[in-house]
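Protein sequence lines, in the order shown, are assigned to chains A and B. Residues in the first sequence are numbered consecutively from 24, following this note's numbering. Residues in the second sequence are numbered consecutively from 24, following this note's numbering. Idealized CB from N, CA, C, for every residue including glycine. The structure displayed is predicted, hence computed values, not measured ones. Just below is one structure, and these are the notes that go with it.
Number of protein chains: 2
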Amino acid sequence: MSGTTEHSPEIGSFREAALSCPIPAVVELIGEKWAFLILRGAFNGLQHFEEFQGGLGIARNILSDRLGKLVAGGILERAPDPQDRRKVVYSLNEKGEDLLPVVVALRQWGERWGMGVPRVILADNRDKRAVRRICLLSHDGRPLDLHDLTWVDSDGEIDPVRLAVEQVG
Amino acid sequence: MSGTTEHSPEIGSFREAALSCPIPAVVELIGEKWAFLILRGAFNGLQHFEEFQGGLGIARNILSDRLGKLVAGGILERAPDPQDRRKVVYSLNEKGEDLLPVVVALRQWGERWGMGVPRVILADNRDKRAVRRICLLSHDGRPLDLHDLTWVDSDGEIDPVRLAVEQVG
DNA sequence: TCGTATAAGTTTCGATATGAAACTAATAAG
DNA sequence: CTTATTAGTTTCATATCGAAACTTATACGA
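Have a look at this one:
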């Protein structure tokens, strides 16, 4: 523990770790009230500007800005509607659809902790049975919680400093 | 389709569904840049005000506000540090720790889509092997994607209108 | 084909949120 | 008993948000 002036060494390594962590960039793109609700709307089948606007109650200028950012970020695709060329279709592409576990995990967390009373349950189309609760699994399928985790270097070595500082990044 | 003045009936049922969906409330609490980054910091072992402030580069007044909201929301706990009573310890409680799948899913998504180059891998402490990619599973463990999903009423009936409109909520 | 409606924005402008910096109160350390 | 540290709060300039009016392109109906 060398005597730095500003911060403890733990914060230093936290900041260093943050540079390689994708979460800040992700949060910049979708970690914002409307961006996330637009995404949820898209998963719900909303497609047109007016649908998002009316459905979410978002201001038109903000919606315009957010849709632009989600398109620029490669999450939504913007295409003219072939049936009616006044309309524009916004749809999830692969990168957007890949956010499904995030959206569902957040919904399940909200359900579990009593934020709203859900009246419908997300189910498998095949057998109409509820989906499993999303959780973290080991390579062989055991459920893991925070205290079962560690960090491993790309070369397979374990770095004990990071282990302490960067529990989950 | 009856001639409503404002919106198509699909948007109406979307809004109705939104009332029972926990996601808006969840987003209100943690769907915001700093709230989410504070949470990530907490998972990383940050505990004190100055650690969050220095580690995240957040303004002190905003940090103060967000920590207060996370505590009020039951995600973080605030306790005086018994070792040094100038300090305050902020720690995740059960409700907060239960957000682990959300944080990890978001990180994995960012990794998969090239937002930052991760240098460490999240692994199971027991065998030091990387954790599985988080995904949605059916009750019997088959991976599901967006198009395998449907909605089911609490009484087991399937509502076809909702099935179309509320794919994921 | 002319008038009207609709879709997807953009503009404007007042209200709200953010952030940097200085300030404060309580506790610790020398 | 003086100085440093911790966790805030206050202040004020700036940036973002949001409601409402406006714009442009396309469709629709008589």
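For chain B, find out if any of its Cβ atoms is closer than 8 Å to the Cβ of V175 of chain A; answer yes or no.
yes
Going residue by residue through the stretch 54-82 of chain A, where are the continuous alpha helix (DSSP H) segments of at least 4 residues, counting only ones entirely within it?
56-66 and 72-79
Simplified DSSP assignment, three categories, for S114 of chain A
strand
For I85 of chain A and chain B, any beta-carbon pair shorter than 8 Å?
no
Could you say which of B:L129, B:L159, B:D176 and B:G137 lies nearest to V140 of chain A if we only look at CA atoms?
B:D176
Please list the partners that F59 of chain A has in chain B, where partner means a Cβ-to-Cβ separation under 7 Å.
V50 and G54
Among A:G97, A:L115 and A:I85, whose alpha-carbon lies nearest the alpha-carbon of M138 of chain B?
A:G97
Starting from the N-terminal side, write out each stretch of the beta strand (DSSP E) that is 3 residues or longer and does not extend beyond the stretch 95-156 of chain A.
99-103, 111-115 and 143-147
Between D171 of chain B and N148 of chain A, how many whole angstroms is the CB-CB distance? I'm expecting something under 8 Å.
5 Å
Please confirm whether A95 of chain B has its beta-carbon closer than 8 Å to some beta-carbon of chain A.
no
Sequence-distant residues of the same chain with beta carbon closer than 7 Å to F59 of chain A, five excluded per side
I53
What are the residues of the stretch 147-163 of chain B that lie near chain A, defined by any Cβ-Cβ distance shorter than 9 Å?
D147, N148, R149, D150, K151, R152, A153, V154, R155, R156, I157, C158, L159, L160, S161, H162 and D163
Indicate the three-state DSSP secondary structure (helix, strand or coil) for P45 of chain B in the structure shown.
coil
K118 of chain A versus chain B: which residues are under 8 Å apart at the beta carbon?
W136
If we count Cβ pairs, one from each stretch, closer than 8 Å, do we get three or more for the stretch 148-161 of chain A versus the stretch 122-134 of chain B?
yes
Going by the DSSP bridge assignment, what does D176 of chain B pair with across the sheet?
A:V143
Taking all protein chains shown into account, do 16 or more other C-beta atoms lie within 10 angstroms of the C-beta of G78 of chain A, making it buried, or fewer, making it exposed?
buried
Since I believe G133 of chain A is in contact with P45 of chain B (beta carbons under 8 Å), could you give me their beta-carbon distance rounded to a whole number of angstroms?
3 Å
With three or more beta-carbon pairs closer than 8 Å as the criterion, would you say the stretch 102-115 of chain B touches the stretch 98-110 of chain A?
no
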